[in-house]
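Below is one structure; the comments refer to it alone.
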Amino acid sequence: MEQREQHSSLVKRSTPIYLAMVIFGLIASKYLHKNLSEIFSLPTSTEEWQNLICVTALGSGIIAITHQFGRLSSSYPSYKKWVAELLGPLSFPTAVYLAVISSLGEELFFRVSMQPYVGVLWTSILLAILQLTPQGFMPIWLLIGLINNLTVGFIYHYTGSLLPPLLIHLVITSTSFLSHAYRSRNFSNPNLRKQNDRSL
């Protein structure tokens with residue numbers, strides 16, 4: 002019961018924010034940039050599909066590698082603990098829902114509506130700062146966030162399509178959330194909680 006309430010609370014807190022970001026991004030795309038049909042256009046040839054898959058795989062790979070460098074940091078355990086406490090125990094459907102809505106919200110708001118005005122660099126810096134933890138300034142996480150956001154930002158800039166950034170964001174976020182949901186599926190069990198703490 003308590004786990005269901007935590008899921009409900011997390012969904013209730015995040016949904017209005019991400020929905021507002023989605024709506025703002027769609028409005029900006031349609032009326033300010035006039036590129037709504039372009040950013041969501043699907044590839045029409047085999048070559049374009051191959052390019053989409055390659056760009057998505059490349060971007061996801063770069064981000065996955067930079068996250069591995071974060072594990073070398075002494076702040077990694079406290080970072081993982083903070084994320085685990087922030088999310089709490091997640092069910093698999095909640096993890097998927099949060100991954101989808103956060104990917105849509107962030108990419109539409111920052112990439113589609115903001116990046117054309119302030120550029121790839123400033124959008125990436127702002128996103129990296131917003132992704133810092135409350136523990137304070139951690140240079141390694143700021144650098145990782147900046148590299149990840151620059152990667153996705155340049156992909157959007159050069160392709161003109163939101164599909165690759167959206168897929169990259171979705172792959173990385175859903176992998177992270179589903180892995181957290183798997184680790185926390187029996188979070189209330191003290192023995193499993195000790196195992197989770199040791200694995201952080």
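Residue 2 is where the sequence shown starts when you use our numbering, and the numbers rise one by one after that. Glycine included, C-beta positions come from ideal geometry on N, C-alpha and C.
**Request:** For Leu20, I'd like the list of residues in its chain whose CB is within less than 6 Å of its CB, leaving aside the five on either flank, ordered along the chain.
**Result:** What you label residue 20 is simply residue 19 of the sequence shown in a count that begins at 1. Here the set comprises nothing.
**Item:** For Gln132 and Ile18, the rounded distance between their alpha carbons
**Value:** For the purposes of this step, residue 18 is taken as the residue at position 17 of the sequence shown. For the purposes of this step, residue 132 is taken as the residue at position 131 of the sequence shown. Those two C-alpha atoms are separated by around 15 Å.
**Request:** From the DSSP output, in three-state form, read off Ser76 for me.
**Result:** The residue given as residue 76 occupies position 75 in the sequence shown. Three-state result, Ser76: coil.
**Item:** For Pro165 and Val244, believed in contact at Cβ under 8 Å, the rounded distance
**Value:** Outside the modelled stretch of the chain, which goes from 2 to 201, sits residue 244, for which no answer is possible.
**Reduced DSSP category for His202 - H, G, I as helix; E, B as strand; rest coil** = There is no way to answer for residue 202, as the model of the chain reaches only from 2 to 201.
**Prompt:** What first and last residue would you give for the alpha helix (DSSP H) that runs through Gln116?
**Reply:** Here residue 116 refers to the residue found at position 115 when the sequence shown is read from its first residue. DSSP places Gln116 inside the alpha helix (DSSP H), whose first and last residues are 116–131.
**Request:** Could you check if Ala65 is buried or exposed, using at least 16 other CB atoms within 10 Å of its CB as the buried criterion?
**Result:** Position 64 of the sequence shown, counted from the start, is the residue given in the question as residue 65. Label assigned to Ala65: exposed.
**Item:** Element boundaries [alpha helix (DSSP H), containing Ser104]
**Value:** For the purposes of this step, residue 104 is identified with residue 103 of the sequence shown, where counting begins at 1. From DSSP, the alpha helix (DSSP H) with Ser104 extends over 93–107.
**Request:** Give the single residue among Thr124, Leu43, Lys82, Leu127 whose Cα lies nearest to the Cα of Arg184.
**Result:** By one-based count along the sequence shown, residue 184 stands at place 183. Looking from the CA of Arg184, the closest CA among Thr124, Leu43, Lys82, Leu127 belongs to Lys82.
**Three-way DSSP call (helix, strand, coil) for Pro207 in this model** = The structure shown has nothing for residue 207, since the chain only spans 2 to 201.
**Item:** Contacting residues, own chain, Cβ-Cβ under 7 Å from Ile126 (five flanking each side not counted)
**Value:** Taking the first residue of the sequence shown as 1, we reach residue 126 at position 125. Here the set comprises Leu147.
**Asked** Any idea what DSSP makes of Pro165, helix, strand or coil?
**Response** For the purposes of this step, residue 165 is taken as residue 164 along the sequence shown, with counting starting at 1. Of the three classes helix, strand and coil, the one that applies to Pro165 here is helix, per DSSP.
**Asked** Out of Leu53, Thr174, Gly71, which has the shortest C-alpha to C-alpha gap to Pro140?
**Response** By 1-based counting over the sequence shown, the position of residue 140 is 139. Checked all of Leu53, Thr174, Gly71; the closest Cα to Pro140 is Gly71.
**Message:** Measuring CB atoms only, is the region 77–93 touching the region 101–116, in the sense that at least three cross pairs come out at less than 8 Å?
**Reply:** Contact between the region 77–93 and the region 101–116 is absent: fewer than 3 CB-CB pairs across the two stretches fall below 8 Å.
**Request:** Specify, as a first and last residue, the run of the alpha helix (DSSP H) that Asn149 falls within.
**Result:** Counted from its first residue, the sequence shown places residue 149 at position 148. Segment 140–160, the alpha helix (DSSP H) holding Asn149.
**Prompt:** Is Gly26 closer than 8 Å to Thr152 when the C-beta atoms are compared?
**Reply:** Numbered from its first residue, the sequence shown carries residue 152 at position 151. Numbered from its first residue, the sequence shown carries residue 26 at position 25. It is not a contact, given that the beta carbons lie outside the stated cut-off.
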